[in-house]
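Numbering (the working numbering), first residue to last: 1 to 533.
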């Protein structure tokens with residue numbers, strides 16, 4: 001039967017055989033206790049292997065995947081409501097650019113803030129809070145009668161989204177054995193496609209329907225507002241799942257010296273994975289890094305200096321200095337460029353797909369005839385053109401081949417190679433979107449872009465989690481996703497400014513940036529099946 005190991009019980013009678021190389025992962029045996037049990041000290045990777053791989057990891061994938069899908073729904077719902085909400089809120093193209101950019105501004109703020117807190121306070125707690133912020137303010141936006149209020153609520157919702165995206169990948173990766181990590185993170189990233197399909201499907205089913213239109217007091221509750229409410233439900237439900245069912249990351253617990261709590265999580269993982277099998281939980285102790293955390297506090301990443309703003313800023317931004325120092329500096333600079341390029345390109349183009357397809361109704365490419373784009377806004381938004389949402393659904397579904405490709409080959413080829421190749425192919429597909437002449441050709445190339453670019457995101461999720469140690473992982477991912485949100489804001493504003501006058505400029509700029517990102521990705525180190533530090 002399982003027995004908890006109490007450090008104080010053995011200190012007087014179980015000197016270690018050798019602790020010199022404990023950080024390198026050697027298994028150290030303690031002296032046997034009175035009952036004859038031999039306790040081993042295990043590293044994190046060894047403890048994960050002891051728990052097996054099975055049902056627990058499938059349930060974890062479902063929970064984390066639903067959280068990832070909820071973020072996708074919340075981000076992409078704005079792009080699907082633009083063709084109708086622009087009439088009710090009286091939006092110009094620039095207003096639509098600001099609206100799509102608002103959630104990314106919130107994500108820029110939330111990404112680093114929540115990531116830093118997750119590295120200090122725990123992954124699970126921060127996930128619950130950020131998902132609740134996302135769902136609450138996303139749902140309240142449906143009640144906003146004015147554009148400025150809708151914009152503000154979407155921005156606050158974005159702060160919640162900004163926290164859950166980087167933290168969910170750190171949390172998930174810290175339960176995975178290294179030989180399966182690449183494939184499992186790729187499987188987690190696949191749920192972004194599921195969220196995209198869910199958002200497109202809801203938009204297709206709800207927004208064109210007259211039964212979803214009703215009045216509440218002075219507010220004319222159009223169908224797109226019902227759609228916004230529905231898009232907030234996944235975040236709420238995901239927060240409840242993490243609050244009630246999911247444990248804290250064992251890797252985080254080990255890093256903070258909480259050995260007993262980490263063993264309890266490993267025990268829970270073992271029991272679920274071995275359900276129905278006659279096998280006892282192996283008794284062991286763990287190497288923890290509590291001394292290492294204390295040293296980091298002394299060096300300025302943590303510590304006590306009061307509660308003033310200067311102190312908060314000093315220690316809040318200290319991890320950024322760490323990821324741009326020493327051996328982490330070169331990889332951080334490369335990731336900085338890649339996150340900027342892919343975020344400007346992907347979100348700048350993806351958020352505008354429904355609007356661009358609206359402009360293709362009369363045939364031709366979105367940039368073939370500038371005068372046609374301005375006439376679009378002279379037409380009524382009702383009755384709603386369902387073809388726009390059908391096309392969005394097809395583009396969202398086009399991610400499936402890329403996701404399957406990533407899951408099957410991530411651990412074989414490695415994240416670096418997939419990242420570079422997919423960025424280069426994405427660049428080519430965007431350029432071809434500009435050159436096509438018919439609506440069908442535009443739809444096909446947009447689907448190709450969706451299928452290839454998703455491989456980039458999957459590879460980036462894998463590489464990003466493996467390049468940084470535990471005490472910096474969420475902070476680093478939060479920082480780089482924040483940089484990506486700045487790029488997304490710039491991309492959306494660029495499209496909003498230029499789509500009516502010269503839409504060739506932002507489309508070709510996206511192609512050029514993706515090309516640059518693909519070339520820079522070749523400078524990253526190889527991380528295939530490496531142990532988490």
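All C-beta atoms in this analysis are idealised placements derived from N, C-alpha and C, irrespective of residue type, glycine included. What you are looking at is a predicted structure, and each value in this text was computed from that prediction instead of being measured.
task: State the DSSP-derived secondary structure class of residue 25, mapped to helix, strand or coil.
output: As a position in the chain shown, residue 25 is number 25, starting the count at 1. Note that residue 25 has pLDDT 40, beneath the 50 cutoff, so the model's placement of it is unreliable and the number below is only indicative. Residue 25: coil per DSSP, three-state reduction.
query: Mind checking whether residue 115 and residue 465 have CB atoms under 8 Å apart?
result: Numbered from 1 along the chain shown, position 115 holds the residue referred to as residue 115. Numbered from 1 along the chain shown, position 465 holds the residue referred to as residue 465. No, Cβ-Cβ distance for residue 115 and residue 465 is not below 8 Å.
message: Please classify residue 526 as buried or exposed, where buried requires at least 16 neighbouring CB atoms within 10 angstroms.
response: Here residue 526 is taken as the residue at index 526 of the chain shown, counted from 1. With fewer than 16 Cβ atoms within 10 Å of its Cβ, residue 526 is classed as exposed.
message: Can you tell me which residues form a DSSP beta bridge with residue 99?
response: Along the chain shown, read from residue 1 onward, the residue named residue 99 stands at position 99. None, per the DSSP bridge assignment.
Cα-Cα separation, residue 403 to residue 462: In the chain shown, the residue the question calls residue 403 occupies position 403. In the chain shown, the residue the question calls residue 462 occupies position 462. Their backbone Cα atoms lie some 13 Å apart in a straight line.
field: Endpoints, the beta strand (DSSP E) within which residue 42 is located
entry: By 1-based counting over the chain shown, the position of residue 42 is 42. First-last of the beta strand (DSSP E) with residue 42: 40–42.
Distance, residue 222 Cα to residue 416 Cα: Numbered from its first residue, the chain shown carries residue 416 at position 416. Numbered from its first residue, the chain shown carries residue 222 at position 222. Straight-line Cα distance between these residues: approximately 46 Å.
- prompt: Between the C-alpha atoms of residue 177 and residue 270, what's the straight-line distance to the nearest angstrom?
  reply: As a first step, residue 177 must be located in the chain shown, where it is residue number 177. As a first step, residue 270 must be located in the chain shown, where it is residue number 270. If you draw a straight line from the Cα of residue 177 to the Cα of residue 270, it is about 13 Å long.
message: With a threshold of 8 Å, are at least 3 pairs of Cβ atoms found where one atom belongs to the stretch 150–167 and the other to the stretch 92–107?
response: Because the criterion of three Cβ pairs below 8 Å is met, the stretch 150–167 and the stretch 92–107 touch.
query: In chain order, which beta strand (DSSP E) runs of at least 3 residues are fully inside the stretch 414–489?
result: Whole beta strand (DSSP E) segments, 3+ residues: zero.
- request: Whole angstroms is fine: what's the gap from residue 168's alpha carbon to residue 86's?
  value: Translated into the one-based positions of the chain shown, residue 168 becomes position 168. Translated into the one-based positions of the chain shown, residue 86 becomes position 86. Taken atom to atom, the span from the alpha-carbon of residue 168 to that of residue 86 is near 33 Å.
field: Burial state of residue 280, where buried means 16 or more other Cβ atoms lie within 10 Å
entry: As a position in the chain shown, residue 280 is number 280, starting the count at 1. Here residue 280 is exposed, its C-beta having fewer than 16 other C-beta atoms within 10 Å.
- prompt: Does DSSP classify residue 180 as helix, strand or coil?
  reply: Within the chain shown, residue 180 is the residue found at index 180, counting from 1. Of the three classes helix, strand and coil, the one that applies to residue 180 here is helix, per DSSP.
- prompt: Who are the near neighbours of residue 184 in its chain, counting only those whose CB is closer than 6 Å to its CB and skipping five residues on each side?
  reply: In the chain shown, counting from the first residue as 1, residue 184 sits at position 184. So the qualifying residues of the chain are 176.
- prompt: Is the number of C-beta pairs between the stretch 40–48 and the stretch 59–79 that are closer than 8 Å three or more?
  reply: Remark: fewer than three beta-carbon pairs, one from each stretch, lie closer than 8 Å, so the stretch 40–48 and the stretch 59–79 are not flagged as touching.
field: Which of helix, strand or coil DSSP assigns to residue 339
entry: Here residue 339 corresponds to residue number 339 of the chain shown, with the count starting at 1. If DSSP states are grouped into helix, strand and coil, residue 339 belongs with the helices.
task: Taking residue 521 and residue 419 to be in contact with their CB atoms under 8 Å, please state how far apart those CB atoms are, rounded to whole angstroms.
output: By one-based count along the chain shown, residue 521 stands at place 521. By one-based count along the chain shown, residue 419 stands at place 419. Right, their Cβ atoms sit about 5 Å apart.
- prompt: Which residues mark the beginning and the end of the beta strand (DSSP E) in which residue 286 is found?
  reply: Walking along the chain shown from the start, residue 286 turns up at place 286. Judged by DSSP secondary structure, residue 286 falls within the beta strand (DSSP E) whose first and last residues are 284–286.
- request: Indicate, with yes or no, if the ligand SAH has a heavy atom lying under 7 Å from the CB of residue 474.
  value: This structure simply doesn't include the ligand SAH, nor any ligand for that matter.
- request: Examine the Cβ distances between the stretch 224–242 and the stretch 68–80 and report whether three or more of them are shorter than 8 Å.
  value: With the cut-off at 8 Å, the stretch 224–242 and the stretch 68–80 touch.
query: Quick one: Cα of residue 274 to Cα of residue 470, how far?
result: Residue mapping note: residue 274 aligns to position 274 of the chain shown, counting from 1. Residue mapping note: residue 470 aligns to position 470 of the chain shown, counting from 1. Looking at the two C-alpha atoms, the distance is approximately 27 Å.
query: Based on Cα-Cα distance, which residue from 258, 265 and 256 lies nearest to residue 246?
result: The residue given as residue 246 occupies position 246 in the chain shown. Residue 246 has its Cα closest to that of 265, out of 258, 265 and 256.
task: Have a look at 260, 492, 319 and 182 and flag the residue whose alpha-carbon is nearest the alpha-carbon of residue 250.
output: Position 250 of the chain shown, counted from the first residue, corresponds to residue 250. Closest by alpha carbon: 260.
message: Considering Cα atoms alone, identify which of 81, 451, 445 and 335 is closest to residue 483.
response: Reading the chain shown from its first residue, position 483 is the one you call residue 483. For residue 483, the closest alpha carbon among the candidates 81, 451, 445 and 335 is that of 335.
query: Alpha carbon to alpha carbon, what distance is there between residue 439 and residue 243?
result: Your numbering for residue 243 matches position 243 in the chain shown. Your numbering for residue 439 matches position 439 in the chain shown. One alpha carbon belongs to residue 243, the other to residue 439, and they sit about 46 Å apart.
- prompt: With residue 455 and residue 446 assumed to form a contact (beta carbons below 8 Å), what rounded beta-carbon distance in angstroms separates them?
  reply: The sequence position of residue 455 within the chain shown is 455, counting from 1. The sequence position of residue 446 within the chain shown is 446, counting from 1. Their Cβ separation, rounded to whole angstroms, is 16 Å, which puts residue 455 and residue 446 out of contact at 8 Å.
message: According to DSSP, is residue 195 part of a helix, a strand, or is it coil?
response: As a working mapping, residue 195 is identified with position 195 in the chain shown. In this structure, DSSP gives residue 195 a helical state, which the three-state scheme calls helix.
- prompt: Can you tell me whether DSSP reads residue 175 as helix, strand or coil?
  reply: Taking the first residue of the chain shown as position 1, residue 175 is located at position 175. DSSP places residue 175 in coil when its eight states are reduced to three.
- prompt: If we ignore side chains and look at the alpha-carbon of each, how far apart do residue 515 and residue 422 end up?
  reply: Along the chain shown, read from residue 1 onward, the residue named residue 515 stands at position 515. Along the chain shown, read from residue 1 onward, the residue named residue 422 stands at position 422. Looking at the two C-alpha atoms, the distance is approximately 10 Å.
message: Please tell me whether residue 163 and residue 126 are closer than 8 Å, where the distance is taken between their beta carbons.
response: The residue given as residue 163 occupies position 163 in the chain shown. The residue given as residue 126 occupies position 126 in the chain shown. Cβ atoms of residue 163 and residue 126: closer than 8 Å.
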